[in-house]
Amino acid sequence: IIGGLVGARIAYIIEHKEQFKTFMDYIAFWKGGIDWFGAFIGGAVVLLFLLRKYRYPILKIGDVAGISIIIGHAFGRIGCTCAGCCYGKPVPEDSIFKDIAIIFPHHHDTAAPPGIPLYPTQPAEALGNFLIFGILFLLYRKKKFDGEIFASYLVLYGLERFLLEFWRGVTPPLPVVGLTWNQIVTLGMIVIGAGIFIYGISKKRSPERL
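Here the sequence shown is numbered in my numbering, starting from 57 and rising by one per residue.
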């Protein structure tokens, strides 16, 4: 938990450093200002350290973690929809998506700009995460090697989030590369997931059950 909170705060500060003027601004995470990818990376680093220290099976636990993370993330995006964070870009008037756009009311205390049709990125990600959860749940009992489910999570969510970033209005693209910080992280997730697949297939080990 601590690793996730620290990682989430550091990542948010890096992305939105213009919002922080005083020392208290940096540590007042209870007022908002955390990043999911930062939490994922920070939590993963601490978890890997503990698993190696106590010699737990990393890939086997990763399979269970992948299913748990994605379902929690799905419900979290419902919360984002209610809070108005992680909002999408404005929908053009002639867009085919204008009928499903989200418009936050002016009296709603939200980070999203009120009264403007926005791409429904939060509910779209929630639905995508629920779908990924269903796929991982079905694959779990039929997995061929330890790490297969976690690898599937990394690849599937990485692809989903990479595409959704084009419609999100929160994080601007980085100079030169033209991609957001989150898209770069998702590409890393996809590469790591593919690497776990290659490793697992080459080992051809029967999976153990928790």
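Cβ coordinates follow ideal geometry from the N, Cα and C atoms, glycine included. Since we're looking at a predicted model, the values are computed, not measured.
Where arginine 224 falls: helix, strand or coil (DSSP): Residue state for arginine 224 is assigned as strand, using DSSP reduced to three classes.
Backbone secondary structure at glycine 171 - three-state DSSP: Taken through DSSP and simplified to helix, strand or coil, glycine 171 comes out as coil.
Element boundaries [alpha helix (DSSP H), containing threonine 54]: An answer regarding residue 54 cannot be provided, because it is not within the stretch 57 to 266 covered by the chain.
Beta-carbon spacing of isoleucine 156, proline 176 below 7 Å: Yes. Within cutoff.
Unbroken alpha helix (DSSP H) run spanning valine 120, endpoints: Unbroken alpha helix (DSSP H) run through valine 120: 114-139.
Residues bridged to isoleucine 205 (per DSSP): Per DSSP, none; premise fails for isoleucine 205.
Beta-carbon proximity of phenylalanine 253 to alanine 182, cut-off 7 Å: Not a contact, by the Cβ cut-off of 7 Å.
Three-state secondary structure (DSSP) of proline 146: In the structure shown, proline 146 sits in a strand (DSSP, three-state: E or B).
Euclidean distance between Cα positions of proline 231 and tryptophan 237: Distance between the alpha carbons of proline 231 and tryptophan 237: 10 Å.
Neighbourhood of tyrosine 239 by C-beta, 7 Å cutoff - its chain only, sequence neighbours within 5 removed: The question names tyrosine, but residue 239 is glutamine in the sequence shown. Hits under 7 Å: Phe218, Glu221.
Residues near glycine 251 in its chain [Cβ-Cβ closer than 7 Å; skip 5 each side]: Nothing meets the Cβ criterion.
Glutamate 132 and alanine 168 closer than 7 Å at C-beta: The sequence shown places glycine at residue 132, not glutamate. No, the Cβ-Cβ distance between glycine 132 and alanine 168 is not below 7 Å.
Nearest to isoleucine 205 (by Cα), restricted to the options Gly256, Lys145, Val62: Among Gly256, Lys145, Val62, the Cα nearest to that of isoleucine 205 is on Gly256.
Nearest-angstrom Cα separation, counted from tyrosine 213 out to phenylalanine 153: Computed Cα separation, rounded: 22 Å.
Residue nearest to serine 258 in terms of C-alpha spacing, selected from Ile117, Gly203, Ile188: Comparing Cα-Cα distances from serine 258 to each of Ile117, Gly203, Ile188, the minimum goes to Gly203.
Between the CA atoms of leucine 195 and glycine 122 - distance to the nearest angstrom: Taking the CA atoms as reference points, glycine 122 sits about 12 Å from leucine 195.
Residues near isoleucine 114 by beta carbon distance below 6 Å, same chain, minus five either side: Cβ within range, chain order: Leu107.
DSSP beta-bridge partners of isoleucine 158: Partner(s): Leu174.
Contact set for glycine 184: own chain, Cβ-Cβ below 7 Å, skip 5 residues either direction: Contacts found: Glu216.
Valine 269 - DSSP class collapsed to helix/strand/coil: With the chain covering 57 to 266 only, the question about residue 269 has no answer from this structure.
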